[in-house]
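Peer 1: For the first sequence, the working numbering begins at 297 and goes up steadily by one.
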Amino acid sequence: MRILQLHSNFITYKPVEKELPQAEEAEKNEVRIEEVVVLFTAVEEGDSSQVSQKAINDARAFLGKLKVNKVLIYPFAHLSSNLSKPQEAFNVIKEMEDYAKQKGIETYRAPFGWNKQFTVSIKGHPLAEQARTYAPEALNIEAKAGETGGSVCGSKKEEEPVSAALKAEDTLKSFWHILQTDGSLIPVEEFKFKGYANLQKFANYEIKKTRAVTIMPPHVPLMKRLEIADYESGSDPGNVRWYPKGRMIKSLLEQYVANRIQAYGGMEVETPLMYDFHHPSLASYLNRFPARQYVLKSEDKELFLRFAACFGQFLMAHDAQISYKQLPLKLFELTRYSFRREKSGEVVGLKRLRAFTMPDCHAFCADFDQVKKEFMTRFDLCIDVLDNIGLVKDDYEIAMRFTKDFYAEHKEFIASLATKFGKPILAEVWNERFFYFALKWDLNFIDNQDKAAALSTDQIDVENAERYEITYVDEKGEKQYPLILHCSPSGAIERDIYALLEKAYREQMTGKASMLPVWLSPTQVRLIPISDKFLDKMEPLAQQITASCIRVDIDDTASTLQKKIREAEQEWIPYIIVIGEKEVESGTLSVRVREFKGKQEALSVEQLISIVSEKIAGKPYKPLPLPVYLSKRPQFHG
RNA sequence: GCCUUCGUAGCCUAGCCCGGUGGGGCGUUACCUUGGUAAGGUAAUGGUCGCGGGUCCAAAUCCCGCCGAAGGCUCCA
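1. Determine the burial state of glycine 718: buried for a count of at least 16 other Cβ atoms within 10 Å of its Cβ, exposed for fewer.
2. So, helix, strand or coil for alanine 461, using DSSP?
3. CB arginine 890 to CB alanine 809, shorter than 7 Å?
4. Is DSSP giving histidine 706 helix, strand or coil here?
5. Going by Cα to Cα distance, which pick from Phe731, Ala838, His933 is closest to proline 919?
6. Alpha carbon to alpha carbon, how far is valine 644 from valine 536?
7. Please list, in chain order, all residues of the same chain as valine 924 whose beta carbon is under 7 Å from its beta carbon, the five residues on each side excluded.
8. Where does lysine 736 fall in DSSP's three states?
9. Considering only C-alpha positions, which residue in the set Glu320, Ile780, Ser344 is nearest to glutamine 666?
10. In whole angstroms, give me the CA-to-CA distance for aspartate 738 and isoleucine 352.
11. Does DSSP put phenylalanine 892 in a helix, in a strand, or in coil?
12. Taking only three categories from DSSP, how would you classify tryptophan 472?
13. Quick check: glutamine 776 and tyrosine 768, are their CB atoms within less than 7 Å of each other?
14. Does DSSP classify leucine 548 as helix, strand or coil?
15. Could you tell me the distance, in whole angstroms, from the CA atom of tyrosine 801 to the CA atom of leucine 518?
16. Determine the burial state of histidine 574: buried for a count of at least 16 other Cβ atoms within 10 Å of its Cβ, exposed for fewer.
17. Taking the alpha helix (DSSP H) that glutamate 402 belongs to, which residues open and close that run?
18. Can you tell me whether serine 531 is buried or exposed? The criterion is at least 16 other CB atoms within 10 Å of its CB, across all chains shown.
19. So, with DSSP's three-state summary, where would you put lysine 267?
20. Ends of the alpha helix (DSSP H) at glutamine 617?
21. Mind checking methionine 805: buried by the 16 CB within 10 Å criterion, or exposed?
22. Do the region 522-531 and the region 473-492 meet, that is, are 3 or more Cβ pairs less than 8 Å apart?
23. How is cysteine 678 classed by DSSP in three states: helix, strand or coil?
24. Which same chain residues end up closer than 8 Å to proline 576 when comparing Cβ atoms and leaving out the 5 residues on each side of it in sequence?
25. If you run the structure through DSSP and keep just helix, strand and coil, what is histidine 574?
26. If I measure Cβ to Cβ from valine 509 and keep anything under 7 Å in the same chain, skipping five residues before and after, which residues do I get?
27. Can isoleucine 869 and arginine 822 be called in contact, C-beta distance under 7 Å?
28. Please report the Cβ distance between isoleucine 766 and histidine 933, rounded to the nearest whole angstrom; I am assuming they are in contact, meaning their Cβ atoms lie under 8 Å.
29. Looking at C-alpha atoms only, which residue of Gly561, Asp683, Leu735, Ser594 is the closest neighbour of lysine 707?
30. In whole angstroms, what is the alpha-carbon distance linking leucine 625 and proline 483?
31. Looking at valine 332 and serine 304, is the spacing between their C-beta atoms short of 7 Å?
32. Could you give the residue range of the beta strand (DSSP E) that holds alanine 525?
33. Who does methionine 392 pair with in a DSSP beta bridge?
34. Determine the closest residue to phenylalanine 733 out of Gly807, Leu904, Asp757, with distance taken between C-alpha atoms.
35. Does alanine 357 pass the burial test, meaning 16 or more other C-beta atoms within 10 Å, or should it be called exposed?
36. Helix, strand or coil for tyrosine 633 per DSSP?
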């Protein structure tokens, strides 16, 4: 069924003559209806009463928005070249009419089978004109795509939506299994989740999408209170502001991940943020999901903001001269930003943003042997990167997604990944390949609402080399298409911070100290003088500690000792040092250690420096992002 | 996009159901306090109660419309 829906000031029509033997009886008088939603309707082969109800229900949704309760069903064959038989069409039209009346809509209908002359005046607002298509079999398709984030650049099919949806029903049906550590695959219903509570939560989230939690995500108040980030009402939802502390944390994570990818062999590049909407390699893909882009017009060009670094790197690789000797070739960019115009209701805190920072690393490989080796290396890299960020195997679950043919062919390879991970993995298996990747894994953090968010991912792309005409020259001097791996070792940086905050909250709930890893703590050491008299003793001590690349600050505000300690604890500062008479005389510091729930330890300055230095060894360093003296700091959040 | 909830000072919040001088806390500022490991005291400061309309002698409170936000659903290429 095809419907053209027009919110009209008025419509007039006049039946002229019967066009079909099945035409109903009608008078040849002009009819005029004011303030009405007109549904020009073509009934197509196979349309049933289900379709007519669906169409009316959709129309009702609009009526509510338009604050109209009047429709005119206007049979209009010209919308389709695949019309059903007239008698069936007439029945369906009548069903629509009956159903609409039953739903309390003031319903009019133009006569069926007549050639009519009409005039229609259409309103000027954005919702006034809508076209819809209903395929009878496509009504209840839940095209579960299985993409949970990561660097994803193209889909496989680009037919018109209806046939794609039909295809999707068959192709996209997911069969869920658990991939055990020995590489064996068992249906998810048969798996005993005892001892794997997190995996069970993840499986529920992925398969059933059920959860009964209504609490606010804990990381949202935390990101505000800790002055990391906040919503920016002056921008679009999902574009957040970063305060000095948050900027520092984010910057350190960015540096760390970038360093690791460079050590792995990724060549860092930088590519444009915006691309031509009508570029041939990009257009076919974009047309499929037009609503997901930020689109901007600039003079006569239509541009869209990138949602990953794929385009830039692929266009770069397209123009490059690549020999098999240089493979695997790894390009990397830290996208600040990638843009995805998620629907407003989907944007949450730092978990799901419209503008986010994502390391995106592509490896161009000669053949499948090379892919396997590289894929394994990157699997290790991703797990190790997250581990260093502060997210360990207990914090996340892995999903692996592939077709059953791919599994049959590469069983050992898939098994080796599972064995390496050492925990059972959720496997989503398809009968046929629908996406551009043959194999993908994604690593999912499970938060306090039992929801999952994808962090790292890696995918074997078997299509985009051809689409973007990326080639390398093999031993025989012939051009070949490489296989492309897409990897985001940490996932979005903002999402890492979300995960760290959610994890900290959970630790607190289970009686442990909530804190960020020491290398990411904006203040690592706080000095609190017991009274103003000791304030001038602070400065040299602070300098000595700072010289060892440790971030130290001094609480010179006019409040009490107890309050200063309370505030330092609420800032999650790992080491708090109170200095008074005793310390000045003995030279020994009284250090309150957050990790040990505030236990005090007597340490020399050198001991303190060596303890902290050990904690942050191998991590990037940035100086204190705020003035050393607390009295000099503004309060960014009430 | 849909559903639900919520908009009261820089921040958190009571009051709203049942209309009658908007109350508290945090912060900020000043003064007192100069301390020994999670909130010292006093005072001052700060409000078109989201916006517009309606009902009423009278609206933060009731009604209608709009705007904004959050959560859920869907979604997550």
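For glycine and all other residues, C-beta sits at the position ideal for the given N, C-alpha and C.
Peer 2: Taking the definition as stated:
1. As a first step, residue 718 is located in the first sequence; it is residue number 422 there, counting from the start. Counting of Cβ neighbours within 10 angstroms places glycine 718 among the exposed residues, the total staying below 16.
2. By one-based count along the first sequence, residue 461 stands at place 165. Low confidence applies to alanine 461: its pLDDT is 38, below 50, so where it sits in the model is not reliable, and the reading given next is rough at best. Note: alanine 461 maps to helix in three-state DSSP.
3. Residue 890 sits at position 594 when you count from the first residue of the first sequence. Residue 809 sits at position 513 when you count from the first residue of the first sequence. Their beta carbons are under 7 Å apart, which means arginine 890 touches alanine 809 by this criterion.
4. Within the first sequence, numbered from 1, the residue matching residue 706 stands at position 410. Correct three-state label for histidine 706: coil.
5. Translated into the one-based positions of the first sequence, residue 919 becomes position 623. For proline 919, the closest alpha carbon among the candidates Phe731, Ala838, His933 is that of Ala838.
6. Against the first sequence, residue 644 aligns to sequence position 348. Against the first sequence, residue 536 aligns to sequence position 240. Their backbone Cα atoms lie some 11 Å apart in a straight line.
7. In the first sequence, the residue the question calls residue 924 occupies position 628. The residues are Ala838, Asp849, Ile850.
8. The residue given as residue 736 occupies position 440 in the first sequence. Strand, per DSSP.
9. Counted from its first residue, the first sequence places residue 666 at position 370. When only C-alpha atoms are compared, the closest one is Ile780.
10. Working through the first sequence from its first residue, we reach residue 738 at position 442. Working through the first sequence from its first residue, we reach residue 352 at position 56. Taking the straight line from one Cα to the other gives about 40 Å.
11. What you label residue 892 is simply residue 596 of the first sequence in a count that begins at 1. In the structure shown, phenylalanine 892 adopts helical secondary structure according to DSSP, grouped into three states.
12. The residue labelled residue 472 in the question sits at position 176 within the first sequence. Strand.
13. For the purposes of this step, residue 776 is identified with residue 480 of the first sequence, where counting begins at 1. For the purposes of this step, residue 768 is identified with residue 472 of the first sequence, where counting begins at 1. Yes, the Cβ-Cβ distance between glutamine 776 and tyrosine 768 is below 7 Å.
14. Counting from 1 along the first sequence, the entry for residue 548 is found at position 252. Correct three-state label for leucine 548: helix.
15. One-based indexing of the first sequence puts residue 801 at position 505. One-based indexing of the first sequence puts residue 518 at position 222. Spanning the two alpha carbons is a distance of roughly 9 Å.
16. As a working note, residue 574 is residue 278 in the first sequence. Label assigned to histidine 574: exposed.
17. For the purposes of this step, residue 402 is taken as the residue at position 106 of the first sequence. Following the DSSP letters along the chain, one finds glutamate 402 in no alpha helix (DSSP H) but inside the beta strand (DSSP E) bounded by residues 402-405.
18. In the first sequence, the residue the question calls residue 531 occupies position 235. Serine 531 comes out exposed.
19. As shown, the chain starts at 297 and ends at 934. That puts residue 267 outside it, with no answer to give.
20. Here residue 617 refers to the residue found at position 321 when the first sequence is read from its first residue. Element bounds for glutamine 617: n/a, residue is neither H nor E.
21. Here residue 805 corresponds to residue number 509 of the first sequence, with the count starting at 1. Methionine 805 comes out exposed.
22. Between the region 522-531 and the region 473-492, the count of C-beta pairs closer than 8 Å stays below three; the two stretches do not touch.
23. Against the first sequence, residue 678 aligns to sequence position 382. Helix.
24. Position 280 of the first sequence, counted from the start, is the residue given in the question as residue 576. Nothing meets the Cβ criterion.
25. In the first sequence, the residue the question calls residue 574 occupies position 278. Histidine 574 carries a coil assignment under DSSP once its states are collapsed to helix, strand and coil.
26. Here the question's residue 509 lines up with position 213 in the first sequence. In this prediction, valine 509 scores a pLDDT of 44, lower than 50, which makes its location untrustworthy; the coordinate-derived value is nonetheless stated afterwards. Contacts found: Gln745, Asp746.
27. Locating residue 869 in the first sequence gives position 573, counting from the first residue. Locating residue 822 in the first sequence gives position 526, counting from the first residue. With respect to the 7 Å criterion, isoleucine 869 and arginine 822 are classified as neighbours on the basis of their beta carbons.
28. In the first sequence, counting from the first residue as 1, residue 766 sits at position 470. In the first sequence, counting from the first residue as 1, residue 933 sits at position 637. Their Cβ separation, rounded to whole angstroms, is 47 Å, which puts isoleucine 766 and histidine 933 out of contact at 8 Å.
29. Locating residue 707 in the first sequence gives position 411, where the first residue counts as 1. Per the C-alpha coordinates, the member of Gly561, Asp683, Leu735, Ser594 positioned closest to lysine 707 is Leu735.
30. Against the first sequence, residue 625 aligns to sequence position 329. Against the first sequence, residue 483 aligns to sequence position 187. Between leucine 625 and proline 483, the C-alpha separation is close to 37 Å.
31. On the first sequence, residue 304 is found 8 positions in, with the first residue counted as 1. On the first sequence, residue 332 is found 36 positions in, with the first residue counted as 1. Less than 7 Å separates the beta-carbon of serine 304 from that of valine 332.
32. Stepping through the first sequence from its first residue, residue 525 is reached at position 229. It spans 525-527 - the beta strand (DSSP E) in which alanine 525 sits, taken as one unbroken run.
33. Position 96 of the first sequence, counted from the start, is the residue given in the question as residue 392. DSSP, once it has assigned bridges, lists no residue as partnering methionine 392.
34. The count along the first sequence starts at 1 and reaches residue 733 at position 437. For phenylalanine 733, the nearest C-alpha among the options comes from Asp757.
35. Locating residue 357 in the first sequence gives position 61, counting from the first residue. Exposed, since its Cβ has fewer than 16 Cβ neighbours within 10 Å.
36. By 1-based counting over the first sequence, the position of residue 633 is 337. Look at tyrosine 633 here: in three-state DSSP terms it is strand.
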